[in-house]
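**Student:** Sharing a structure, written as structure tokens. Questions coming.
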Amino acid sequence: MRHIHLILLAVLFIHSSSSGQDNRPVLISGEFRELSIDQFANELATKTGFHFFYDSRQFDSIRINVVVKNEPLQKVLELALLNTGFSFSIDQHKNIFLVKGKAIKTDLPAGFFGKAKNENDTIQNDMAADRVPDSTKEITGTRLENKLYEIGQENTNSKSARATIAGLVRDDKTGEALPGVSVYIEGKDAAGIATDQSGFYSLTLPKGRHTLHIQSRGKEDTRRHIMLYADGKLNIDLHDHIISLRSVVISSRKSTNISNTQLGVESLNIKAIKQTPTLFGEADILKVVLTLPGVKSVGEASTGFNVRGGAVDQNLILFNGATIYNPSHFFGFFSAFNPEIVKDVQLYKSSIPPKYGGRLSSVLDISSREGNKKNLAGSAGIGVVTSRANIEGPLFGDSTSSFILGGRATYANWLLTLLPQQYRNSKASFYDITLHVAHEFNKRNNLYLTGYLSNDRFNLNSDTVYGYGNKNVALQWKHTFNNKLTSAVTIGYDHYNYHISSDANKINAYKLQFNVSQLHLKADLNYYLNSKHTLEFGAGSLVYKLYPGSYRPVGKESLVQNDIVPSEQAHESAVYLGDRYNITRNLSINLGMRYSFYQYLGAKSVYLYAPGLPRSEDNRVETKTYGKGDAISTYHGAEYRLAIRYAFTPVFSIKAGYNSLRQYIHMLSNTTAIAPTDIWKLSDPNIRPQTGDQFSFGLFKNFKSNTIETSLEVYHKRLENYLDYKSGAVLVLNHSIETDVINTKGKAYGLELMVKKVAGKVNGWVSYTYSRTLLKMDDPIAGEIINGGRYYPSNYDKPHDITLVGNIKLSHRFSISSNITYSTGRPITLPVAMYFYAGGQRVHYSERNAYRIPDNFRIDLSMNIEGNHKVNQKTHNSWTVGAYNLTGRKNPYSVYFVTENGRVNGYKLSIFGSIIPFVNYNIRF
Amino acid sequence: MKAFLKITVYSLILVIIGCKQDYPLPKETRNLNLLVVEGMLNSGPGPTQIRLSRTFNPTDLGSVVPELNAQVVVEGDNNTTSVLTGNTRGEYIHSQLNLNSNQKYRLKIKTSGGKEYISDFVPVQPAPAIDSVHWKRTADEIQFLITTHDPQNKTRYYRWEYDETWEIHSDFISNYKYVNGIVVLRPDPFSIYYCWKSDVSSAIFLGSSAKLSQDIISAQPLHKIPTGTERISVRYSVLVKQYPLTREAHQFWEIMKKNTEQLGTLFDPQPSQLLSNIHSVSDKDEPVIGFVSVGSLTQKRIFITKSQVEPWRYSRPCDERIIPLDSIRFYFPSEAWIPLQEWYSPAGFLAGYTSSTRSCVDCTVRGTPVKPAFW
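Following this line, the structure appears as structure tokens:
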């Protein structure tokens, strides 16, 4: 620790008459022009006999200009230090202390003398003031913590007893805004808030002295003493939490799980994601999301995930506000997000904030990092499956803007040789590119641009080429109106397409294409009304354009006829209002409502069917043609987002919630796993929007100074108008898809138990989930009833699931991470009879999903071995050695029965039926 | 400006990954005993055969469970009827139905148990001629392909079956045989040297030109023969039969194919209910498996000889061995070994017989010595 220099400037013994005269103020006259603090103090000391104490470095840029005539010392100092941000105090021993900021009380301990010239934190007493240059000098956090910040002008003539403090919480190294950071005060005025997506917080407090506590995962806890006079701003920079070699810091109050009103919200930061062992050691966001309670998938290598019994298409996957229609590469083996760019992931399983809508089951909100605002930096990596590079840095040479650009590409053809036999001799490639630009115009206006491009292409053992890709661009403008009102306006364009083409047979050569795009505009506002109410409100609109399919000839010889299913278009708009209301310290509620309005638009011809009869070509009564922009059908409805929390103690709370949602776009898929060739369909006169609601209840308790978090959540969910398919349904290039789909009801319920250790040598979580997902198809007019109209388990109904994700730090250089998971096998339809037909023995199926494939159990393990921890060295090395499926268990992906050479053979297919070890060597310099 | 570069180098040791293991068939205690109806009412020249059978439990070892003694009648929408005659294999046959191509026909079945089943009325569909059956040689296999077209653009949906026949030869010619303790000259050595084998298709082959501007099926894949197998060890012939289908029939066959053949991928479809066109009269919810089509069939035969596909690399594990005279009583009586030629000692005396195992000498073990009529 650097010690503080206190420079004694004036030690002159002032000769004076004996006692009694001391109380008479010394009057000073003189002209002090362009004096340094040393000169000034010297002169005054000479004139008055007082002793001056200060840190000369704090004052090295100050020049004193003051002219006085017969003024007392007190007044001279006031004038001299006016508008410099410095204060003084005088004790009874004729000592004068000069400090920056709030004047010290002369009876306070010496710790308050610590002052730094350049502060990391910036205070602005004037709300309209522009940016204060950032510090380049490092100072210790404890100094900031011990300093008292004055917020607002002391003499402000405001009658209000309360004032609002607001500001940004940022990373001190990169300048990046930090969302989700708790900023709170304790005691009788206890209040708190988490920073929003742009790192902004706003707290309305009684005027006076407070201590702000600031906590965030992965950052050092800190606090700020404030003296709140009037509305003002305080930006706070947080350090990375670096555990020093000798001590283990256990933080005491990370109890957001208790204090937050929401249920069913899971957050993962990229550090935790990278720590979890995955296939080939490729850090994979979606695969780590799958380890969370309540999240399942049909198989090890499948696209998408099922949240609390919802279908794969019922997840809204947002990347910086852009909707990603297909979040995976390579048949679902890898997720399409570059781990080097992603900062964190939020999954809302139950309490979905009213600003989100459009999907029934969950919102997966993925945020990218902001580029480094201070230095140009980059990294590159070569992996087994992908190579990647990213570069980041300030954009215009100053620290107001930054960019980060990352790309990944694969050379994964060899991987295909690992696939089941029929996929060998195939080729595959994929890439993705992500760009994020942030620009700070001033304290109140920030602009963010995100671009995302992903592309997959593969040849499956033949001359058929499949390809799919996402294209997204989103522009966001964040504006702070004042301490209480902030806004974010986002405009963007999302696109997803796939194509299949084959020219092996010249006569049949074709190209099939599908694409869906959406243009979206929305405004989200936050209003920090007072310490009890935080309002969020906004509106958004989405315009869909969907090309359900076109089938075109390729080459001159091709006889393929153009078959183009007419495009679909629709718009979906919504307004919402939410109130986070802290009724008392213990009781808080979130009230939210969203009203969505959807119109299916022309130009389009639609078929209408006789009511009460099965929808089929025979029962078609009318074909109605609509002009461009005409409303063909309109659906609208309210969605409710309610949650209530009661905290019995600071470490124990109960919560309950009710959520309802509506979804106007459906994915059509009749395969068990989501295939890259599945298409989307908009709600139309014949296909109603899906609706769903969920009741949930949870108990949350923390132990051992909040280092162990436990929770128990139960839920019951209902789904309406979920789509299932008739036998022999053809989904692609179907001009009247409504005749092939049937409406299904769903219900899901479950219990999720989780014990999470957030700090210490051993950290991680164990979760147990019991969940059921049942579907029911008993619509008599569908013409076909599944399982006699009774409830039957859905494809992803896996009742029991136990997952352990853990990290053990054996030493500072050596840690072990593991992912151990057990789950019930998924349901399948097994044959109930056999017969001979067309020369072969064949199987007959009846009850859907009446059986289950064998259970799944898998252990993934990785060991991280780090080089030495010296901060200043040329290269940092680390090794990661790991294995996926350590026990080599042949976990079933599917069980199937197939007629081969005239006989039925049963097989259990495992995709990763053996141990897959990997070694990574990382070098950073 | 401080720049840092992170280079990540991975290496990987890999053991085998994906795998497929046998899985036992599920036990099913109920016997669904559903009626299975297979066949086409032949509107062209030639017999019509409808086969009736029953489903059986998956764990029962499979052989056809025939449905015997049913009354099977073809009924036209002009009320004409023809009765099919059943045999002990559950086949109901009519030597020549005279169907009018402007009529629709249906099948009526009354089982010996008294239950009645009736099919939908189906139009008569004539099959266009097959243009060609051809094949493509690749390193590992021969792929058979079919090309056909309907000049009237009416057929659109097709199904194919095939009958295969192939000639096989024994590995050695035997001029001697062992009769009652002595080796005698074999009067007809070639009767166990040339044989033929045959098989029928057991998979479903479908084709459609619905998406094309003309009703042309171009080089649609049929079956494959892996290199080095017995089928083309000498000469091979395949007779491809072409059946026209209606759209509904095509859908039925396609579901059956998806349910029973196209499985084991990453993206398996859910099993779908078969859309049969034959139903129980008394219980509309009783599933019946089968789709009755009405129409004619056309067929085409091609031959392939081994010389067309060389190198074929077909071989069998057959060795010659000398059986000394004093050992013939040990080797020859069971016919496990068969004498080929006389073997003389260096001194010029008959010392024994060259011989080989029966399966290497007598092709009738594997096939029939009767030459097919078309050979």
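In the order they appear, the protein sequences are chains V and B. Take 975 as the starting number for the first sequence in my numbering and just add one per residue. Take 24 as the starting number for the second sequence in my numbering and just add one per residue. Where a beta carbon is used, it is the ideal one built from N, C-alpha and C, also for glycine.
#1: Just to confirm, are V/Asn-1346 and V/Gly-1332 a CB contact at a threshold of 8 Å?
#2: Give the C-beta separation of B/Gly-287 and B/Ser-299 to the nearest angstrom, bearing in mind that I take them to be a contact with Cβ-Cβ under 8 Å.
#3: Would you mind reading off the limits of the beta strand (DSSP E) that contains V/Leu-1290?
#4: Round the Cβ separation of V/Lys-1691 and V/Arg-1431 to the nearest angstrom and send it over; I've been treating them as touching at under 8 Å.
#5: Between the stretch 1283-1302 of chain V and chain B, which residues of the former have a C-beta closer than 9 Å to a C-beta of the latter?
#6: Could you work out which residues of chain B lie near V/Leu-1804, taking near to mean beta carbons separated by less than 7 Å?
#7: Run the CB neighbour count on V/Asn-1060, radius 10 Å, all protein chains shown included, and call it buried at 16 or more, exposed below.
#8: What residues in the stretch 1858-1881 of chain V have a beta carbon less than 9 Å from any beta carbon of chain B?
#9: Let me see if you follow: with CB-CB separation under 8 Å, is B/Glu-284 close to chain V or not?
#10: Can you list, in chain order, the stretches of the alpha helix (DSSP H) that have 4 or more residues and sit fully within the stretch 1530-1562 of chain V?
#11: Does any C-beta atom of chain B lie closer than 8 Å to the C-beta of V/Asp-1477?
#12: Evaluate B/Leu-297 with the Cβ neighbour count: other Cβ atoms within 10 Å of its Cβ, from every protein chain shown; 16 or more gives buried, anything less gives exposed.
#13: Counting Cβ pairs, one atom from each stretch, are 3 or more of them under 8 Å apart for the stretch 1276-1290 of chain V and the stretch 1323-1340 of chain V?
#14: If you count every other CB in all the chains shown that lies within 10 Å of the CB of V/Ala-1257, and 16 or more means buried, which is it?
#15: In chain V, which residues lie less than 7 Å from B/Val-87 when you measure between Cβ atoms?
#16: Taking only beta-carbon atoms, is V/Thr-1110 less than 8 Å away from chain B?
#17: How would you list, in chain order, the residues of chain B whose beta-carbon sits under 7 Å from the beta-carbon of V/Ile-1481?
#18: Leaving out five residues before and five after B/Met-417 in sequence, what residues of the same chain have Cβ atoms less than 8 Å from its Cβ?
#19: Assess contact between the stretch 89-99 of chain B and the stretch 128-138 of chain B, defined as three or more Cβ pairs (one per stretch) separated by less than 8 Å. Is contact present?
#20: Name the residues in the stretch 1188-1213 of chain V whose C-beta lies less than 7 Å from a C-beta of chain B; which are they?
#21: Spell out whether any CB of chain V is found under 8 Å from the CB atom of B/Thr-161.
#22: For a minimum of 3 consecutive residues, which ranges assigned as the beta strand (DSSP E) are wholly contained in the stretch 1027-1066 of chain V?
#23: Does V/Ser-1010 come within less than 8 Å of chain B when only Cβ atoms are used?
#24: Whole-angstrom Cβ separation of V/Asn-1457 and V/Asp-1205, contact assumed at under 8 Å?
#25: Give the residues from the stretch 51-71 of chain B that approach chain V closer than 9 Å (Cβ to any Cβ), ordered along the chain.
#26: Please report the distance separating the alpha-carbon of V/Leu-1118 from that of V/Leu-1369.
#27: Quick test of your reading: V/Tyr-1203 and V/Glu-1124, contact by CB under 8 Å. State the CB separation rounded to the nearest angstrom.
#28: Taking 8 Å as the CB-CB cut-off, is B/Tyr-140 touching chain V?
#29: Just how far apart, CA to CA, sit B/Arg-53 and B/Gln-285?
#30: Measuring straight from C-alpha to C-alpha, what distance separates B/Asn-56 and B/Gly-113?
#31: Do we get a CB-CB distance below 8 Å when we pair V/Leu-1697 with the residues of chain B?
#32: Which whole-angstrom value is the C-beta distance of V/Phe-1254 and V/Phe-1892, which I expect to be below 8 Å?
#33: Please identify the residue among V/Tyr-1632, V/Thr-1743, V/Pro-1866 whose C-alpha is closest to the C-alpha of V/Leu-1686.
#34: Classify V/His-1413 as helix, strand or coil using the three-state DSSP reduction.
#35: What is the rounded straight-line gap between the Cα of B/Gly-230 and the Cα of V/Ala-1756?
#36: Helix, strand or coil: which one does DSSP assign to V/Ile-1224?
**Tutor:** In this structure, then:
#1: By one-based count along the first sequence, residue 1346 of chain V stands at place 372. By one-based count along the first sequence, residue 1332 of chain V stands at place 358. Result no, Cβ atoms of V/Asn-1346 and V/Gly-1332 do not sit closer than 8 Å.
#2: For the purposes of this step, residue 287 of chain B is identified with residue 264 of the second sequence, where counting begins at 1. For the purposes of this step, residue 299 of chain B is identified with residue 276 of the second sequence, where counting begins at 1. Not confirmed; about 25 Å, so no contact.
#3: Against the first sequence, residue 1290 of chain V aligns to sequence position 316. Taken as a continuous stretch (DSSP letters only), the beta strand (DSSP E) holding V/Leu-1290 covers 1289-1293.
#4: Position 717 of the first sequence holds residue 1691 of chain V. Position 457 of the first sequence holds residue 1431 of chain V. Wrong, their Cβ atoms sit about 37 Å apart, outside the cutoff.
#5: none
#6: On the first sequence, residue 1804 of chain V is found 830 positions in, with the first residue counted as 1. Residues of chain B passing the Cβ test: Pro-49.
#7: Here residue 1060 of chain V corresponds to residue number 86 of the first sequence, with the count starting at 1. Checking the displayed sequence, the identity of residue 1060 of chain V turns out to be Phe instead of Asn. Per the 10 Å Cβ criterion, buried.
#8: Gly-1862, Lys-1864, Pro-1866, Tyr-1867, Ser-1868, Val-1869, Tyr-1870, Phe-1871, Val-1872, Thr-1873, Glu-1874, Asn-1875, Gly-1876, Arg-1877, Val-1878, Asn-1879, Gly-1880, Tyr-1881
#9: Looking up residue 284 of chain B in the second sequence gives position 261. So, interface residue.
#10: none
#11: Numbered from 1 along the first sequence, position 503 holds the residue referred to as residue 1477 of chain V. Not one chain B Cβ lies under 8 Å of V/Asp-1477.
#12: The residue you call residue 297 of chain B lines up with position 274 of the second sequence. When all chains shown are included, B/Leu-297 counts as buried.
#13: Cβ pair count under 8 Å is three or more, so yes.
#14: Numbered from its first residue, the first sequence carries residue 1257 of chain V at position 283. Result: buried.
#15: Translated into the one-based positions of the second sequence, residue 87 of chain B becomes position 64. Near B/Val-87 (Cβ distances below 7 Å), the residues of chain V are Phe-1810.
#16: If you number the first sequence from 1, residue 1110 of chain V lands on position 136. Reliability fails at V/Thr-1110, whose pLDDT of 33 lies under 50, so the model's placement of it is uncertain and the value that follows must be treated cautiously. So no, V/Thr-1110 is outside the interface.
#17: One-based indexing of the first sequence puts residue 1481 of chain V at position 507. Near V/Ile-1481 (Cβ distances below 7 Å), the residues of chain B are Ile-239, Ser-241.
#18: As shown, chain B starts at 24 and ends at 398. That puts residue 417 of chain B outside it, with no answer to give.
#19: yes
#20: none
#21: Here residue 161 of chain B is taken as the residue at index 138 of the second sequence, counted from 1. For B/Thr-161, the answer is no, since every Cβ of chain V falls outside 8 Å of its Cβ.
#22: 1038-1046, 1060-1064
#23: Taking the first sequence and counting its residues from 1, the one referred to as residue 1010 of chain V is at position 36. It does not: the Cβ of V/Ser-1010 has no partner Cβ on chain B nearer than 8 Å.
#24: On the first sequence, position 483 is the one that residue 1457 of chain V refers to. On the first sequence, position 231 is the one that residue 1205 of chain V refers to. 5 Å between Cβ atoms; contact.
#25: Of all residues in the stretch 51-71 of chain B, those with a C-beta nearer than 9 Å to a C-beta of chain V are Glu-51, Arg-53, Asn-54, Leu-55, Asn-56, Leu-57, Val-59, Glu-61, reading in chain order.
#26: The residue labelled residue 1118 of chain V in the question sits at position 144 within the first sequence. The residue labelled residue 1369 of chain V in the question sits at position 395 within the first sequence. Their backbone Cα atoms lie some 30 Å apart in a straight line.
#27: Reading the first sequence from its first residue, position 229 is the one you call residue 1203 of chain V. Reading the first sequence from its first residue, position 150 is the one you call residue 1124 of chain V. 6 Å between Cβ atoms; contact.
#28: As a working note, residue 140 of chain B is residue 117 in the second sequence. Not one chain V Cβ lies under 8 Å of B/Tyr-140.
#29: Within the second sequence, the letter at position 30 stands for residue 53 of chain B. Within the second sequence, the letter at position 262 stands for residue 285 of chain B. Each residue's alpha carbon lies about 27 Å from the other.
#30: Here residue 56 of chain B is taken as the residue at index 33 of the second sequence, counted from 1. Here residue 113 of chain B is taken as the residue at index 90 of the second sequence, counted from 1. Whole-angstrom Cα-Cα distance: 15 Å.
#31: Taking the first sequence and counting its residues from 1, one reaches residue 1697 of chain V at position 723. False, the Cβ-Cβ gap to chain B never drops below 8 Å.
#32: The count along the first sequence starts at 1 and reaches residue 1254 of chain V at position 280. The count along the first sequence starts at 1 and reaches residue 1892 of chain V at position 918. Going by Cβ atoms, the distance from V/Phe-1254 to V/Phe-1892 rounds to 6 Å, so yes, they are a contact pair.
#33: Working through the first sequence from its first residue, we reach residue 1686 of chain V at position 712. Taking only the C-alpha atoms, the option nearest V/Leu-1686 is V/Thr-1743.
#34: Stepping through the first sequence from its first residue, residue 1413 of chain V is reached at position 439. Looking at V/His-1413 - three-state DSSP - the assignment turns out to be strand.
#35: On the second sequence, residue 230 of chain B is found 207 positions in, with the first residue counted as 1. On the first sequence, residue 1756 of chain V is found 782 positions in, with the first residue counted as 1. When rounded, the distance between both Cα atoms is 29 Å.
#36: Locating residue 1224 of chain V in the first sequence gives position 250, where the first residue counts as 1. For V/Ile-1224, the predicted model reports a pLDDT of 38, less than 50, meaning its position is unreliable; a value from the coordinates is still stated below. Reduced to three states, the DSSP call for V/Ile-1224 is coil.
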